[in-house]
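Asker: Following the numbering used here, the numbering of the sequence shown begins with 91 at its first residue and continues without gaps. Shown below is the structure under consideration.
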Amino acid sequence: MNPYVLLFFVPLSWFVAMFMMEVGSLVMLPVCKFDKYKEKMNLVVGSIWAIIATSLVYLVVSLDGLFAPVMFATGEALFGLLMVLIVILAFHHYLIGSAEGAESVEKDESSKKYLLLATPFALIVALIGNSLFTSVFSGYGIGLSLPLSTVASVLENHQLSVVMHNSPGVQVFYPEYMTMIFNAFNWVFFLGVVMYVVFFTVAFYGIKERFALGALSLSLANVLFLASSYLWLPLVFQNAVGNVGFWIYIVSLYIVLYLSTHDMLPFKQAWVFTLTFLGGMMFGLFTEGNILVDTVKGGIPASLLLTNPSMLEAGAIMVVLIGILAMGGVTAVSYEILFKNSLEKMETRKTQQS
91 MNPYVLLFFV PLSWFVAMFM MEVGSLVMLP VCKFDKYKEK MNLVVGSIWA
141 IIATSLVYLV VSLDGLFAPV MFATGEALFG LLMVLIVILA FHHYLIGSAE
191 GAESVEKDES SKKYLLLATP FALIVALIGN SLFTSVFSGY GIGLSLPLST
241 VASVLENHQL SVVMHNSPGV QVFYPEYMTM IFNAFNWVFF LGVVMYVVFF
291 TVAFYGIKER FALGALSLSL ANVLFLASSY LWLPLVFQNA VGNVGFWIYI
341 VSLYIVLYLS THDMLPFKQA WVFTLTFLGG MMFGLFTEGN ILVDTVKGGI
391 PASLLLTNPS MLEAGAIMVV LIGILAMGGV TAVSYEILFK NSLEKMETRK
441 TQQS
C-alpha cells in the first residue's frame, strides 16, 4: 500500500477517535444514572469540543495537501454534504460553548438544556460523516460523468490536474445524495459505529455497572463491521479475517473493556483512545488504498489521485508537523486548562460541600 495514502488515515483516525469521545459523552450524559460518571462526561465534553473543530481542519488540510488534484474533481460530488456537515457542526459547537458559558456562571439547568440540544446535532454530524466515508470507499452516491476508460487513462498518466485546468467546466464526478445516504452499506456500517461508540464510552469512563452493555455493544459492532465489509468491501474483509494481528486487536478490546470497568487498568482513557485510533489505521491498511470499489470494478487506487511527487513530499511533512505541533498543542492546552483545571475545581467544590 502506498505510504502516503496510509498517512492520510492518521488525521482521519484521529478525528474519528476524538469525535467518538465527544459524541459518546454527549449522548450518554442525559441517560447515565450514575452521577460519578456524569460529572466526568460533562468535563470531557467541555474540554474537547475545541479539539474537534481543529481536528476537522487538520483532516481537510491533510486531504488537500496529499490529494490536491482530485479536490477539483470530487468537489461537486461531496461539496453539498460536506457543507451541511460543517454548518451543523457549527450549531453543535455553539450549543456546547453556550453550555460551558452557562456552567461558568453556575446556571446548571441552562447548561444541561444546551447539552441536550447539542445531542441531535452530534448524531447528524456522525451520520453525514459516515455517509461521506462509506461513499468514498464504496462509490455509492458518486456518479461518473465520463467513460471509465477515459477517467482511468487520465488518472494513470497523472493528468487529472491538467485536464481540470484546461477544461474547468468538465464534471468528472456528480452527486446522488439520496443514494449516498440511503444505501444499505452506509446504514449497516453506521449502526456498527453507534455500537462501537457505546463500547467506547463504557470503557473510557470505566462504567462497571454497564460492563455487560459494553461487551454486547462491542460484539454487535464487530459483527456489523465484518458483515458490511464482507458484503461491500470484500478486500477489507479478507485482509481482516486472515490477519492474526486483527484478532489480537479484537481480543485486546475486550480485555481493555474488562480491566477498565473493574478499575484494574491505569490510564484507561489513553488505552481506549489509542486502540480506537489504531482501528482506523488498520481499516486503512486493509483497504490497500482502493476506493469506489462497488461502482468501479476493482475500484480505483487512491495512489492515482495523489499530487505530484514534489508537492506530495511537502504535503506529507506538513501533515506530520501539523499533527505534532498544532494538534498536539491544542490537545495539551485543552487537557491542562479546560479539563484538569475544571476537574480540580470540581474536587474542591465536593470537599467544601462535604
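In this text, a Cβ means the ideal position worked out from N, Cα and C, and glycines have one as well. The structure displayed is predicted, hence computed values, not measured ones.
Please classify residue 231 as buried or exposed, where buried requires at least 16 other C-beta atoms within 10 Å of its C-beta.
Answerer: Residue 231 should be labelled buried.
Asker: On the DSSP letters alone, give me the boundaries of the beta strand (DSSP E) that residue 233 sits inside.
Answerer: Unbroken beta strand (DSSP E) run through residue 233: 232-234.
Asker: Any contact between the stretch 99-107 and the stretch 272-282? By contact I mean 3 or more CB pairs, one from each, below 8 angstroms.
Answerer: Contact fails: fewer than three Cβ-Cβ distances are below 8 angstroms.
Asker: So residue 124 is in the alpha helix (DSSP H); what residue range does that whole segment cover?
Answerer: Careful: residue 124 lies outside any alpha helix (DSSP H) and carries neither H nor E.
Asker: Let me check understanding here. Comparing Cα to Cα, which of 94, 148 and 92 lies closest to residue 419?
Answerer: Answer by Cα proximity: 148.
Asker: Report all residues from its chain with a CB closer than 6 angstroms to the CB of residue 187; omit the five preceding and five following residues, and keep chain order.
Answerer: Around residue 187: no qualifying Cβ.
Asker: Residues in the same chain with beta-carbon distance under 8 angstroms from residue 144, minus the five sequence neighbours each way, listed in chain order, please.
Answerer: If we look at residue 144 and ignore the five residues flanking it on each side, its Cβ neighbours are 416, 417 and 420.
Asker: Starting from residue 265, trace the beta strand (DSSP E) in both directions and tell me its first and last residue.
Answerer: Run containing residue 265: 263-265, per the beta strand (DSSP E) assignment.
Asker: Taking the straight line between their C-alpha atoms, what separation do you get for residue 127 and residue 369?
Answerer: If I take the Cα positions, the gap works out to 25 angstroms.
Asker: Roughly how far, in whole angstroms, is the beta-carbon of residue 329 from the beta-carbon of residue 376, given that I think they are within contact range, below 8 angstroms?
Answerer: About 4 angstroms; that satisfies the 8 angstroms criterion.
Asker: Note down the Cα distance separating residue 346 from residue 400, rounded to an integer number of angstroms.
Answerer: In a straight line, the C-alpha of residue 346 is about 42 angstroms away from that of residue 400.
Asker: If we ignore side chains and look at the alpha-carbon of each, how far apart do residue 181 and residue 109 end up?
Answerer: The alpha-carbon atoms of residue 181 and residue 109 are separated by roughly 15 angstroms.
Asker: Among 385, 297 and 293, whose alpha-carbon lies nearest the alpha-carbon of residue 342?
Answerer: Here the closest residue by C-alpha is 293.
Asker: Which same chain residues, not among the five before or five after residue 445, have their C-beta less than 8 angstroms away from its C-beta?
Answerer: Look at the range of the chain in this structure, 91 to 444, and you will see that residue 445 is not part of it.
Asker: Per DSSP, which residues does residue 391 bridge with? Please list them.
Answerer: Answer by DSSP bridge pairing, in chain order: 380.
Asker: Among 315, 397 and 173, which one has its Cα closest to the Cα of residue 92?
Answerer: For residue 92, the nearest C-alpha among the options comes from 397.
Asker: Suppose contacts are defined by Cβ-Cβ distances below 8 angstroms. Is residue 364 in contact with residue 296 by that definition?
Answerer: Not in contact: residue 364 and residue 296 (Cβ atoms no closer than 8 angstroms).
Asker: Rounding to the nearest angstrom, what Cα-Cα distance links residue 331 and residue 189 in this structure?
Answerer: For residue 331 and residue 189, the distance between alpha carbons rounds to 44 angstroms.
Asker: From residue 168 to residue 226, what distance separates their C-alpha atoms?
Answerer: Distance between the alpha carbons of residue 168 and residue 226 is about 9 angstroms.
Asker: Which of the three DSSP states is assigned to residue 357 in this structure?
Answerer: DSSP places residue 357 in coil when its eight states are reduced to three.
Asker: Considering just the uninterrupted stretch of the alpha helix (DSSP H) at residue 403, what are its terminal residues?
Answerer: Looking at the DSSP string, the run of the alpha helix (DSSP H) that includes residue 403 is 399-411.
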